[in-house]
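Below is one structure, written out as structure tokens; comments come after it.
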Amino acid sequence: MNNDVAALVPAAGSGERLGLGPKAFLGIGGVSLVSRVVNTLTGCVGRVLVGVPPGYLDKATAELGDAAEVYPGGDSRQSTIYSLLQKCAEPIILINDGNRPFASRALVLKVIDKARRHGAAIAFTPALIPFARRQDGFLVSPVPSRQAIVPQSPQAFHRDILERGYQNALENGIEDQTTWEIILRLGVKVFVVEGEETNIKITSPLDWEIANKVIAPLVQRQKK
Ligand code: CTP
Ligand code: MG
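Note that numbering that gives the first Met the number 0 numbers the sequence shown so that position 196 is 195, with each residue one more than the last.
Following this line, the structure appears as structure tokens:
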């Protein structure tokens, strides 16, 4: 067991693009997104800390019980993660977004293992479709598909690297960037771990439909 690992779950967003309220508390098959995430992480790490919208502390505490510690989040994903980071002292930190409820335990464990070795590791999916750069309204060049990847969470880091990244962001007024951008700014290499196609981030109404109708039943079947 990874007792020296704390998992941080940023789940304090308001879910504006989906339009159904804070996504952490929406249920798929009767289980909320944040419960699904916490359930996956429990058993992989020593401790789980969740950041929720300030008005949802009681609801989250009632729902998660002893499985996780619940704290008020900040006004961006970056500030939610930074404030959760201050609440723990474990040397390895895993991050899994509250709106990515389908990562497998095997993926979480692999990301932790690679982060131990390399300092920073992140799950990704390969680009299965062509990508291109655009400039001033014109397509200017292809992005070779071997080079293009879609970063996901789970992600894991040595604590000191994450601390330095967030400190550097604070000092330089860098706001609301992804964690891997914050780490790359330090000049630290981020190891990539092939993730899972089913590990989608639920952002839009279409994602919500896909999560309910396609991915939840698929993941359920895979578990059997
Ligand atoms: N998040 C957070 N604190 C914030 C904003 C976002 O912890 N102040 C979390 C979200 O809860 C989510 C993750 O960061 O788990 C990724 O954010 P996103 O997909 O943008 O979710 P929302 O911010 O909730 O959605 P929207 O941007 O559409 O409002
Ligand atoms: Mg957001």
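Beta carbons: idealized from backbone N, C-alpha and C, even for Gly.
Would you mind sorting residue i into buried or exposed? The rule is 16 or more other CB atoms within 10 Å of its CB.
i, result
"residue 61", "exposed"
"residue 95", "buried"
"residue 89", "buried"
"residue 111", "buried"
"residue 188", "exposed"
"residue 35", "buried"
"residue 130", "exposed"
"residue 140", "exposed"
"residue 216", "exposed"
"residue 138", "exposed"
"residue 213", "exposed"
"residue 142", "exposed"
"residue 50", "buried"
"residue 16", "exposed"
So, with DSSP's three-state summary, where would you put residue i?
i, result
"residue 216", "helix"
"residue 168", "helix"
"residue 33", "helix"
"residue 173", "coil"
"residue 196", "coil"
"residue 95", "coil"
"residue 183", "helix"
"residue 85", "coil"
"residue 3", "strand"
"residue 66", "helix"
"residue 123", "strand"
"residue 24", "helix"
What is the residue span of the beta strand (DSSP E) that residue i lies within?
i, result
"residue 140", "137 to 142"
"residue 153", "148 to 157"
"residue 130", "130 to 134"
Measuring only the C-alpha atoms, how far is residue i from residue j?
i, j, result
"residue 227", "residue 183", "Outside the displayed range of the chain (0 to 223) lies residue 227, so it cannot be described from this structure."
"residue 101", "residue 199", "7 Å"
"residue 21", "residue 107", "24 Å"
"residue 204", "residue 76", "20 Å"
"residue 172", "residue 156", "22 Å"
"residue 126", "residue 195", "12 Å"
"residue 53", "residue 33", "15 Å"
"residue 209", "residue 45", "32 Å"
"residue 104", "residue 40", "7 Å"
"residue 10", "residue 178", "15 Å"
"residue 25", "residue 19", "8 Å"
"residue 170", "residue 164", "10 Å"
"residue 47", "residue 74", "20 Å"
"residue 30", "residue 115", "31 Å"
"residue 135", "residue 168", "29 Å"
"residue 148", "residue 80", "23 Å"
Return the first residue and the last residue of the alpha helix (DSSP H) that residue i is part of.
i, result
"residue 209", "204 to 209"
"residue 48", "Note, residue 48: premise wrong, no alpha helix (DSSP H); beta strand (DSSP E) at 44 to 51."
"residue 105", "104 to 117"
"residue 61", "56 to 63"
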